[in-house]
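Okay, so here's the structure we're looking at.
Protein chains: 2
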Amino acid sequence: MQFLSGKCSLGMIISNKCYYGLKAMIELALREGQGPITIGEIARAQGIPVRFLEAILRQLKQAGYADSIRGKEGGYVIAKEPTFVRLGDLILFFEGPLMAVSPSATAHESASPTPIPDVLSPIWKRAEKSLLDVLSSYSLQDLVEMERARNSSEAMNYTI
Amino acid sequence: MQFLSGKCSLGMIISNKCYYGLKAMIELALREGQGPITIGEIARAQGIPVRFLEAILRQLKQAGYADSIRGKEGGYVIAKEPTFVRLGDLILFFEGPLMAVSPSATAHESASPTPIPDVLSPIWKRAEKSLLDVLSSYSLQDLVEMERARNSSEAMNYTI
DNA sequence: TATTATGTCTACCAATTTACTAGAGATTGT
DNA sequence: ACAATCTCTAGTAAATTGGTAGACATAATA
Numbered sequence: 013m014q015f016l017s018g019k020c021s022l023g024m025i026i027s028n029k030c031y032y033g034l035k036a037m038i039e040l041a042l043r044e045g046q047g048p049i050t051i052g053e054i055a056r057a058q059g060i061p062v063r064f065l066e067a068i069l070r071q072l073k074q075a076g077y078a079d080s081i082r083g084k085e086g087g088y089v090i091a092k093e094p095t096f097v098r099l100g101d102l103i104l105f106f107e108g109p110l111m112a113v114s115p116s117a118t119a120h121e122s123a124s125p126t127p128i129p130d131v132l133s134p135i136w137k138r139a140e141k142s143l144l145d146v147l148s149s150y151s152l153q154d155l156v157e158m159e160r161a162r163n164s165s166e167a168m169n170y171t172i
Numbered sequence: 013m014q015f016l017s018g019k020c021s022l023g024m025i026i027s028n029k030c031y032y033g034l035k036a037m038i039e040l041a042l043r044e045g046q047g048p049i050t051i052g053e054i055a056r057a058q059g060i061p062v063r064f065l066e067a068i069l070r071q072l073k074q075a076g077y078a079d080s081i082r083g084k085e086g087g088y089v090i091a092k093e094p095t096f097v098r099l100g101d102l103i104l105f106f107e108g109p110l111m112a113v114s115p116s117a118t119a120h121e122s123a124s125p126t127p128i129p130d131v132l133s134p135i136w137k138r139a140e141k142s143l144l145d146v147l148s149s150y151s152l153q154d155l156v157e158m159e160r161a162r163n164s165s166e167a168m169n170y171t172i
């Protein structure tokens, strides 16, 4: 077994892609107003494989979270105000509907005529809502401020 | 794209295995006190592939949720009072830790000396707790009662 | 206009996980 | 002895994850 590397052989784990995407958005938000930032810079700053990040940023652009400037001196910029970007929305974008219910097996010989009126469905919905409520209580701006606080306290440790 | 068949190409979805496992536990709880129930019966009642269910029940036995009686007239029985089995525990058992944080990439040339003191980690923890709080607010007994209510209301529709 | 630094697109690939299936064996009631 | 059951070890096809490779498009600037 590999120690928490990648997926750790368990279900329901946020994918690396989503994680990289969030970190890229944080980086873009951190540098808002500083002109286009290249894929390479973002990759270096956040420790993301550059060719993988390329595809992730393209998706973020298509979804309207980022804009790109092509050609020399080009790069990516954030497309929305960080205050209005909710963490829950970003995760939903990368991961799709959280906690979807698997279809009740169709090879069902028993009587049930209405398809999938499962006792678990409403519970799933409640759980997903609760999850998204927590995640959406944070904006990208919140994350940026946390990141700034972390960086400055880290710098403190060095000067001591 | 296949319409919600299996995984629907999206992340963070409860696996079929977990879903089957929950349905099997519901079936065992429904028939508590009626003697051993064979894998085949459970599979038929809940629409689960029998050889797959076999492995799932073995896991449930190892975890102490079910007991088995071998040989002829054998089968499975529930091993705990349904009132004391929490939905959150069962899901945790099948899926492992929900919402684990991927490791921040190790190929990090930048300064960060403390490993993975990520701004996202505390948020993940809060989200997971909120999720488990909802899931663990239901016991297996609750599910059984919902299932019974559903079945009887279904029967009603037929007699009308 | 040539160069060069950038983003864009399509395709491909290896490792892992999921969702099973197969077959042989062990156990127990009759 | 027989038959019905659980048990164990493999194996496996399809999907997903986590990338990589290479060719191309675009734009600044010299």
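Chains as they are written, first to last, in our numbering: chain A, 13 to 172; chain B, 13 to 172. We treat Cβ as the ideally placed atom computed from N, Cα and C, and that holds for glycine.
For residue 150 of chain B, the nearest CB of chain A lies under 8 Å from its own CB, placing it at the interface with that chain. When C-beta distances to chain B are compared with 8 Å, the residues of the stretch 81-102 of chain A below that value are 99, in chain order. Within chain A, no C-beta atom comes less than 9 Å from the C-beta of residue 69 of chain B; the nearest is roughly 16 Å away. DSSP places residue 165 of chain B in the helix class (H, G or I) of the three-state scheme. Ranking B/165, B/28, B/86 and B/79 by CA distance to the CA of residue 52 of chain B puts B/86 first. Here residue 48 of chain B is actually not in contact with residue 97 of chain B; their C-beta atoms are around 19 Å apart, not less than 8 Å. For residue 133 of chain B, the enclosing alpha helix (DSSP H) starts and ends at 132-147. Going by beta carbons, residue 104 of chain A and residue 139 of chain B fall outside the 8 Å limit. Our two residues, residue 110 of chain A and residue 26 of chain B, have alpha carbons roughly 9 Å apart in a direct line. DSSP, reduced to helix, strand and coil, places residue 97 of chain A outside both helices and strands of the structure shown, so it counts as coil.
For residue 132 of chain A, the nearest beta carbon of chain B is closer than 8 Å to its own beta carbon. The beta carbons of residue 106 of chain A and residue 29 of chain A sit closer together than 8 Å. For the stretch 47-69 of chain B, the residues whose beta carbon sits under 9 Å from a beta carbon of chain A are, in order, 56, 57, 58, 59, 60 and 61. Comparing alpha-carbon positions, the option among B/83, B/54 and B/59 lying closest to residue 69 of chain B turns out to be B/54. By a beta-carbon distance limit of 8 Å, residue 155 of chain A contacts residue 99 of chain A. Their separation comes to about 7 Å. Where residue 88 of chain A is concerned, the enclosing beta strand (DSSP E) starts and stops at 87-90. In this chain, the alpha helix (DSSP H) harbouring residue 67 of chain B covers 62-74. Against chain A, the beta carbon of residue 159 of chain B has neighbours under 7 Å at 131, listed in chain order.
Taken through DSSP and simplified to helix, strand or coil, residue 26 of chain B comes out as coil.
Just measuring C-alpha positions, the residue of A/42, A/147, A/168 and A/134 sitting nearest residue 94 of chain A is A/42.
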